[in-house]
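Enquirer: The numbering of the sequence shown is my numbering, which starts it at 232 and goes up by one.
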Amino acid sequence: MSRKGNLFVISGPSGAGKGTLVARLLEMVPDTWVSVSCTTRSPRAGEQEGVHYYFKTRDEFMGLAENGGLLEWAEYSGNCYGTPRQVVEQRMAEGAQVILEIDMQGGFQIRQKLPQAHLVFIEPPSMEVLEARLRGRGTETEEAISARLEAARLELSRKMEYDYLLVNDDLDVAAQKLADYVNKMAEGN
Ligand code: 5GP
232 MSRKGNLFVI SGPSGAGKGT LVARLLEMVP DTWVSVSCTT RSPRAGEQEG
282 VHYYFKTRDE FMGLAENGGL LEWAEYSGNC YGTPRQVVEQ RMAEGAQVIL
332 EIDMQGGFQI RQKLPQAHLV FIEPPSMEVL EARLRGRGTE TEEAISARLE
382 AARLELSRKM EYDYLLVNDD LDVAAQKLAD YVNKMAEGN
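#1: Considering only residues of the region 303-358, which uninterrupted alpha helix (DSSP H) runs meet the minimum length of 4 residues and lie entirely inside it, listed in chain order?
#2: Going by DSSP, which residues form a beta bridge with E280?
#3: Could you have a look at V240 and say whether DSSP puts it in helix, strand or coil?
#4: Can you tell me the Cβ-Cβ gap for I333 and V240, rounded? I've got them flagged as a contact below 8 Å.
#5: With DSSP collapsed to three states, give me the class of S268.
#6: Pull up the distance between the alpha-carbon of E418 and that of C311, whole angstroms please.
#7: Would you mind sorting L242 into buried or exposed? The rule is 16 or more other CB atoms within 10 Å of its CB.
#8: Select from W264, V265, T263 and H283 the residue whose C-alpha is nearest the C-alpha of R272.
#9: Answer yes or no: do W264 and R316 have a C-beta to C-beta separation smaller than 9 Å?
#10: Measure the C-alpha to C-alpha separation of S233 and G367 and round it to an integer number of angstroms.
#11: Within 10 angstroms of the Cβ of E354, are there 16 or more other Cβ atoms? Answer buried if so, exposed if not.
#12: If I measure Cβ to Cβ from A247 and keep anything under 7 Å in the same chain, skipping five residues before and after, which residues do I get?
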């Protein structure tokens, strides 16, 4: 069956398990490719330049945005995050299933620019589970955790505007559902 290039936005509160699900998806669906975003946030322990993010100063980031280098960008919890435009367009043209793991503000910008994009929202089982996961990371200050919980409430209030909602309570089940959705869209159903 022939597959065409597609764009998938994966959003959901920080701590909902997007990163783990996307990693599973990449293993399960061979023609997927995940975009690496630019950010002004400082690297967390273990994060590598060009692997997790391209780390930029605010000036560098704004320069990129002004020169049309970003397909979308948004401010989230006090930092800027954006999707490099050229490489994403190139991978789509090559026929890849391109994955953007971005926030909801970015997702709505993508829908405006590329209405054929598929918007997937990953929901945590509950706010309590989300909070426990955020605290369990042990990387964030109390202030940063509060900001992320507030951002989560906002995102959850608009989840119905996304194309596909996925509750991440059982990782294996959720990963399989995500892979099935990507395959179905890739085959043009
Ligand atoms: P974190 O700081 O936890 O890595 O990411 C914070 C939020 O920014 C997450 O919801 C993540 O999906 C989102 N994000 C990461 N990259 C981008 C991007 O390129 N654009 C937008 N709009 N959001 C992004």
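C-beta atoms are modelled at their ideal positions from N, C-alpha and C, and glycine is treated no differently.
Expert: Checking against the coordinates, here is how it stands:
#1: 316-324 and 335-344
#2: Residue numbering aside, residue 280 sits at position 49 when the sequence shown is read from its first letter. According to DSSP, E280 bridges with Y284.
#3: Along the sequence shown, read from residue 1 onward, the residue named residue 240 stands at position 9. Strand.
#4: Position 102 of the sequence shown, counted from the first residue, corresponds to residue 333. Position 9 of the sequence shown, counted from the first residue, corresponds to residue 240. Confirmed, Cβ separation roughly 6 Å.
#5: As a working note, residue 268 is residue 37 in the sequence shown. Three-state result, S268: strand.
#6: For this step, residue 418 is matched to residue 187 along the sequence shown. For this step, residue 311 is matched to residue 80 along the sequence shown. Straight-line Cα distance between these residues: approximately 34 Å.
#7: As a working mapping, residue 242 is identified with position 11 in the sequence shown. Per the sequence shown, residue 242 should be read as Ser rather than Leu. Buried: at least 16 other Cβ atoms inside 10 Å.
#8: The sequence position of residue 272 within the sequence shown is 41, counting from 1. That would be H283, whose Cα lies nearest to the Cα of R272.
#9: Walking along the sequence shown from the start, residue 264 turns up at place 33. Walking along the sequence shown from the start, residue 316 turns up at place 85. It is not a contact, given that the beta carbons lie outside the stated cut-off.
#10: Here residue 233 corresponds to residue number 2 of the sequence shown, with the count starting at 1. Here residue 367 corresponds to residue number 136 of the sequence shown, with the count starting at 1. Computed Cα separation, rounded: 43 Å.
#11: Here residue 354 refers to the residue found at position 123 of the sequence shown. The residue in question, E354, is buried, as its Cβ has 16 or more Cβ neighbours within 10 Å.
#12: As a working mapping, residue 247 is identified with position 16 in the sequence shown. The beta carbon of A247 sits closer than 7 Å to the beta carbons of I353, E354, P355, L361 and N399 from its chain, once the five residues preceding and following it are set aside; these are given in chain order.
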